[in-house]
Structures are given as C-alpha cells and as structure tokens.
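**Q**
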Amino acid sequence: MFRSQHLSYKYALTAYVLFGLQGLVATGGALELIFPDVVFPISFKDGRAFHLNISIFWPLIGMMGAIYFFFCQEAEQEFYSQKLINVNFWLLSSTTVLILGSLLLGFNEGREYLEAIWPLKLAVAASTLLLSFNLLRTYLASAIPRGRATLISMVTGSLTLIIFYLPNIVAHSHPTVDEITKFLVVHVWEEMSLELIGTGVLSALLIKVMGAERRITETSIYLDLTFVALAGILGTGHHYYWIGVPAFWLWIGGIFSAMQVLPAILLLYATGKSARFTNFFSLSYRDKITAALVGCSIFYHIFGASFLGLFMAYPPMNHFVHGTYITSAHSHLALFGVFGFLVLAVCFYILFTKAILTQKMYRWCWLAIFALNAGLLTMGIGLLLAGGLQAYCWRVIGLGIGETNQLIRPYLFIRMLGGIIYSAGSMLLTFIVVKSIWPNIKAIFQTEGHLAKIKCADLQHIQTPLQDLVQKEKEAKHLLLRIKCLLQKLLLLEKKSKH
Amino acid sequence: MDFRLKGFLAAMLASLAVFSWLIYYSTTGDRLKPIPADAKQGKRIFQQKACVECHTVFGNGGYSGGDLTKIYGKFGSEGLKDYLTHPPVISGAKQRRHEHLTKEEADGIIAYFDFINLINTIEWPPRPMPDDKIR
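From first to last, the protein sequence lines are chains V and R. The opening residue of the first sequence carries number 404 in the working numbering; numbering runs sequentially from there. The opening residue of the second sequence carries number 2 in the working numbering; numbering runs sequentially from there.
(1) Listed from N- to C-terminal order along the chain, which residues in the segment 710–738 of chain V have their beta-carbon within a distance smaller than 7 angstroms of any beta-carbon of chain R?
(2) Report yes or no: is there a C-beta of chain B within less than 9 angstroms of the C-beta of R/Ala107?
(3) When you compare only the Cα positions, how much space is there between V/Arg798 and V/Met720?
(4) Hey, could you find the ends of the alpha helix (DSSP H) V/Asp627 is sitting in?
(5) What does R/Gly67 touch in chain V if you count any residue whose Cβ is under 7 angstroms from its own?
(6) For R/Met130, is the classification buried or exposed, using 16 other Cβ atoms within 10 angstroms of its Cβ as the cut-off for buried?
(7) Using C-beta distances below 6 angstroms, list every residue in its chain close to V/Gly707, excluding the 5 sequence neighbours before and after it, in chain order.
(8) What are the start and end residues of the alpha helix (DSSP H) that includes V/Trp592?
(9) Identify the continuous alpha helix (DSSP H) that holds V/Ser496 and give its terminal residues.
(10) First and last residue of the alpha helix (DSSP H) that includes V/Lys413?
(11) Give me the Cβ distance between V/Phe723 and R/Pro127, rounded to the nearest whole Å; I'm assuming they're in contact under 8 angstroms.
(12) Within a Cβ cutoff of 7 angstroms, which residues of the same chain sit near R/Lys134, ignoring the five residues on either side of it in sequence?
(13) For V/Gly509, count neighbouring Cβ atoms within 10 angstroms of its own Cβ and tell me buried if that reaches 16, exposed if not.
(14) Going by DSSP, what residue range makes up the alpha helix (DSSP H) through V/Glu479?
(15) Locate the alpha helix (DSSP H) running through V/Met404, then write down its first and last residues.
(16) Looking at V/Phe474: is its Cβ nearer than 9 angstroms to the Cβ of V/Thr417?
(17) Find the residues of chain R that neighbour V/Gln809, judging by a C-beta separation of less than 8 angstroms, and give them in chain order.
(18) With DSSP collapsed to three states, give me the class of R/Thr57.
(19) Under 9 angstroms, Cβ to Cβ, is there at least one residue of chain V near R/Lys50?
(20) Which parts of the segment 71–130 of chain R are runs of the alpha helix (DSSP H), unbroken and 4 residues or longer, counting only runs that do not cross its ends?
(21) Take V/Ser687 and list the residues in its own chain whose beta-carbon comes closer than 7 angstroms to its own, dropping the five residues that flank it on each side.
(22) Can you list, in chain order, the residues of its chain with a C-beta nearer than 6 angstroms to that of V/Phe405? Leave out the 5 residues immediately preceding and following it.
(23) Please name the residue or residues paired with R/Asp68 in a DSSP beta bridge.
(24) Within 10 angstroms of its Cβ, does R/Lys44 collect 16 or more other Cβ (buried), or is it exposed?
(25) Using a cut-off of 7 angstroms between C-beta atoms, extract the partners of V/His577 located in chain R.
(26) DSSP three-state call for R/Leu62: helix, strand or coil?
(27) How about the segment 637–649 of chain V and the segment 660–670 of chain V: do they share at least three Cβ pairs that are nearer than 8 angstroms?
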C-alpha cells in the first residue's frame, strides 16, 4: 500500500460525517414546508442553502479522497507531494465547515448551489487547483503508459473542475449571463467533471474488487469518456432553454442530452462484461457492501439520471415540467443516486482497508442501504407526483400558488417521510463507519511526516526481536555443530563394531 | 499517443470550443439587452434576500414560492410594491408572512422584475388555457 493512500482515509471519513449530517437538516426543511407556522431554529432559506452546498461538498471531498487513493494505485507510484494531499484536506474541509456555518448564519450570496461568499469560493478554487497540480505532476512522472484510461479520466476530470469553477467566483449582473455561468458548476461539474473522475475511480475499484480485466475495460472506458466529454459539455444546453438565449439551444440541449444516455449504458455494459459477478458471494464483507453501493449508483445512473433526465430534457416536455418539483426529483435521484452512492462505495472501500467490518456491522450495513434506497425512492416518487401536479395546475389550468400548494401538500408529506427513512439510513451507515474506524482515529489523521517517524519507530521495535533471533541462530548453529560431531562419532563407532 | 486517447482529447477540445463559441454568440451583439443600473441594484437585493431559495427565476430556484420571471407583467409595479411592503400570510400558513421589504428594497426588486419580464424566454412559462393576465 502506498503512503499516499494512507492520507486519503481522512477525506473518506469526513465525507461520511457530512453525509450523515445532510439528511437531518434536509428533513427539517421538508417539515417546515408542511408546517410553515412552526418556528424552526434554522430558517427555510438558510437550511436549503446548507442542504444544497453540503450535497456538493461531501461528494467532492469523498471523490478527492478516492482520487488520492486510486490514482497512485493505477499510476503505481506515490503522489508527487504527500504534503499537498494533507494541505488540500485541511483547506477543503475547513472551507466546507466555514461555508456551511456561514450559510446557517445567513451569509448567502443568493445564487443557487453557489451561495458561499466569494472569499470561501476562492478557497474552494485553490483546493481544486492543488488537486490538479499534484495529479498532473504525478501523472507526468509515472512510468505507466500515459494512455491508461483510469489515469486520463481522473486527470482530465480534475482539471475541468477548476476551469468551470473560476467563472463562478463572483455573480454576474445580467441574469441570463449569471444563469449561463451558474450551470457550469451545477451541470458541468456533475455531468462532466465528476462523471469523468467517477468513471476512472469506479473502473479502478472494479478491477481491484470484482476482478475486472483491464484489457477489456480500457476501450469501454475511453468510449464512455468520449461521450461524457461531448454530451456533458453540450448537454448543458438543456439548462439554457428559457433563460433568454437564442432558440437554437433547444436543439443543442435536446440532442446532446439524448446522447447523455449512452455513457450510462456503456458503463453498465463494461461493468457487466468485465466484472465477475459469480465471485460476489466469495467476496469479503467490505467488498460485498462496496459492490452493493456501486450497484445502487449504476441503477440510479440508468433510471434516475439518464432516462428521467432524457424525458425532462426533451424541449416540448421541458416547456411544461421546468420549474417544478420534477426537477427536484431528478436532482435527488441523479445527484445522490449516482454520485452519492458512488462516493459512499469508494469511501467505504477505502476506510475498511484500515478498519474491520464485523458481522454485526455488516448486517446493519444492509439495513442502512435498504433505508437509503427506500427513502430515496419514496422522496423521488413524492416529488414526481408533486411536480406533475404543479405542472398541471400552473401550466394547464392556471391555478395560483396558494391553491396549488394546498393540492401538493400530501405529496410533500410523502417526500418528508422518505426523507426521514433516508436520514435514518444515512445516520446508521455513518455510525457504522465512525464506530468501526474509531480505534484507528489517530492513525487516520497522521501527517505524512509522522508516517515517516512511525516507520522508524516500527524499525526500532523490530530491532530487539531481530537481535534475539540472531542470537538464537548462533546458539542453534552451535547445537547443530555438536549434533553433527556426535553423529560422526556414532557412525564411526558403528563401523568399528561391524568389523 | 494511443488513438483512443487522441479521440477523447479531440472530442473534449471540440466540445469546449463549440460550447464557448455558442455562449459567446448568444451573449454578444444586440442579443442581450443591457441591464439598467436600477435593475442591477435590484438583482443585488434579490440575491441579498436569497429569494431564490423559495422562488424560481427562469424556472431555476426553489419550487415552493412560484416563478417570478413574468411576475411584473402579471401584477405590475403597484401590486408588487403593496405585496412586498405589506406582506400577506403565505399559502398554507395561518401566521407566517412573506418577508417584509422596505420601500427602497421593493423599488429595486421591482425594477429587476420589470427587466426580466422583458427578456425573451421563448414563451416560457407556457400560458395556461384560461389565463389572459400576462402581458
């Protein structure tokens, strides 16, 4: 195991802790919509901003940890700078805490998903820059063939994170330009950058866990990456239909959104062809849970992100459903369903290389996965029904906000119930991870310098038993020599007695 | 260089180039009407109040409070000013009221709504069948 991989544990743990927290605040927000007269400690707008931002940052932190873990495995060498891995962690995690704290205190820049104040956005940009720099230097120094698909996907995905984030450091005064820029993060980060990184990480994981053959997966990965690059960038057009840009975006967005289904199908094909599912029952507890979480991600990739997304992106359909809870259903099923489960899978795999998953915790993991899926599907169904009714009331029969909100209340209640089930699952899974990793918590947060000291200390600990062994070897050698002499004497005596 | 890697990089660069050019084309020339100073100030107030957490503009934002893209065309300046400075109880509640704005804040936001009302959103949101209030 590389020392760089050791430094990724804290990324994975932080991702899990934030993931556990997300559900709680979100459930509060869902409750507030049902019972608006109840006074909650966090206002709806602050809580919603918190929810949107934590839903970006915990997968980002987890994915960065996954990059640090799998990249050196794939490049077969240590990272260029282990110090930068640690600096990056403390920068990103402290920035995340500051962003979430400031949002709860009402410091909100008023742009959806980008509510953080601009100095903190600069810190996020710096963090993505550190990742890209470290990754690129390691890639260029690696002796592995430059065309290895997993390396290419992680490098290009990371570079595009910084490219598309920079225009969003500040808001733009024209509302159309502001919307165009906003979706460079809200869409391109998720459906291009993180999808590129996720493909590389997932492929590396499948090669390790399910015994997928690299030779078979390489071409599939490249095809997948190519379609992601085309469809992910130009498919952004489906967010631009009605924001005041020319009508040709309806064609661009519609056509390339249809193409976005292809990477999902390719991913499923590559996984099915290369991974040996007959081995599933012989996998360890950790690997079974990892595979289950990956399976959830692929399921939502096909149905929650690709097919539902395609349905919504078709311009005549989008004309009616845009601006309703149907979009919210898609966000939950796609963002958490695809990336959430993927990050949980890789972080689980990473953390349980250090911790031990007991049989009792293993069973609870299945319960948590069941609750997460049940909760997510219930939320998705509630939101789809609420959104469908909104589309009908607003766009067809012309009801006002008040009447429509009364009609959709039962479906928002279903959403809230789904959120409670989901939150129970997320807190259980987080508890399992934290409880299992707790005995090793000091080791998780050790610096790269301390790792070197540990190596020296371990060597000193080994020295004494080694000296004992050497001493015993000398004694054993002396005894063997004496046995040899005795044998020789016995043989000589036997010869004499025969004569 | 592996031909698959070349293909991927070519696709990536081509997409980025086409995408950048389309955005440049969409936002330059006279395709976008410049935003006046009072509407710019109104957008700042809109952001400071974080209205987007409950409301949508161009259909993007929070879905509980309704879309504001054509709200100026529906209620006009006086109707909106009265709503924002004397906020009513919000739908579904018995006591909780919409956020209160000062007269200056309301004027700023109304100027912003006036501006976005005139943006060509290709007939979005669609007019419901019985509705003839949207100008």
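Ideal Cβ placement from N, Cα and C applies to all residues, glycine included. Just so we're clear, the structure is a prediction, and the values are computed from it rather than from any experiment.
**A** Taking the coordinates as given:
(1) His722, Phe723, His725, Gly726, Thr727, Tyr728, Ser731
(2) Among the protein chains in the structure shown, which are V and R, there is no chain B.
(3) The residue you call residue 798 of chain V lines up with position 395 of the first sequence. The residue you call residue 720 of chain V lines up with position 317 of the first sequence. So the alpha carbons of these two residues sit roughly 12 angstroms apart.
(4) Here the question's residue 627 of chain V lines up with position 224 in the first sequence. Residues 617–637.
(5) Working through the second sequence from its first residue, we reach residue 67 of chain R at position 66. The answer, in chain order, is Ile804.
(6) Stepping through the second sequence from its first residue, residue 130 of chain R is reached at position 129. That one is exposed.
(7) Taking the first residue of the first sequence as 1, we reach residue 707 of chain V at position 304. Excluding positions up to five away in sequence, the list reads Leu736, Ala737, Gly740.
(8) In the first sequence, the residue the question calls residue 592 of chain V occupies position 189. No alpha helix (DSSP H) holds V/Trp592; DSSP gives it neither H nor E.
(9) Residue mapping note: residue 496 of chain V aligns to position 93 of the first sequence, counting from 1. V/Ser496 -> alpha helix (DSSP H) spans 485–507.
(10) Position 10 of the first sequence, counted from the first residue, corresponds to residue 413 of chain V. From DSSP, the alpha helix (DSSP H) with V/Lys413 extends over 412–437.
(11) As a working note, residue 723 of chain V is residue 320 in the first sequence. As a working note, residue 127 of chain R is residue 126 in the second sequence. Indeed, because the Cβ distance is near 6 angstroms, the residues count as touching under 8 angstroms.
(12) Locating residue 134 of chain R in the second sequence gives position 133, where the first residue counts as 1. In this prediction, R/Lys134 scores a pLDDT of 49, lower than 50, which makes its location untrustworthy; no coordinate-derived value is stated.
(13) By one-based count along the first sequence, residue 509 of chain V stands at place 106. Per the 10 Å Cβ criterion, exposed.
(14) Reading the first sequence from its first residue, position 76 is the one you call residue 479 of chain V. V/Glu479 -> no alpha helix (DSSP H), and no H or E assigned at all.
(15) Position 1 of the first sequence holds residue 404 of chain V. Run containing V/Met404: none; DSSP gives neither H nor E here.
(16) Taking the first sequence and counting its residues from 1, one reaches residue 474 of chain V at position 71. Taking the first sequence and counting its residues from 1, one reaches residue 417 of chain V at position 14. For V/Phe474 and V/Thr417, no; Cβs fall outside 9 angstroms.
(17) Walking along the first sequence from the start, residue 809 of chain V turns up at place 406. Within 8 angstroms Cβ-Cβ: Ser92, Gly93.
(18) The count along the second sequence starts at 1 and reaches residue 57 of chain R at position 56. Three-state result, R/Thr57: strand.
(19) Along the second sequence, read from residue 1 onward, the residue named residue 50 of chain R stands at position 49. By this cut-off, R/Lys50 is an interface position.
(20) 72–86, 104–118
(21) Here residue 687 of chain V refers to the residue found at position 284 of the first sequence. Same-chain partners within the cutoff: there are none.
(22) Sequence index remark: in the first sequence, residue 405 of chain V carries index 2 (1-based). The answer, listed in chain order, is Cys475, Glu481.
(23) Indexing the second sequence from 1 puts residue 68 of chain R at position 67. Answer is R/Thr57, bridged to R/Asp68.
(24) For the purposes of this step, residue 44 of chain R is taken as the residue at position 43 of the second sequence. So R/Lys44 counts as buried.
(25) The residue labelled residue 577 of chain V in the question sits at position 174 within the first sequence. Within 7 angstroms Cβ-Cβ: Leu33, Ile36.
(26) Residue 62 of chain R sits at position 61 when you count from the first residue of the second sequence. For clarity, residue 62 of chain R is Gly in the given sequence; the question names Leu instead. Three-state DSSP puts R/Gly62 in a strand.
(27) yes
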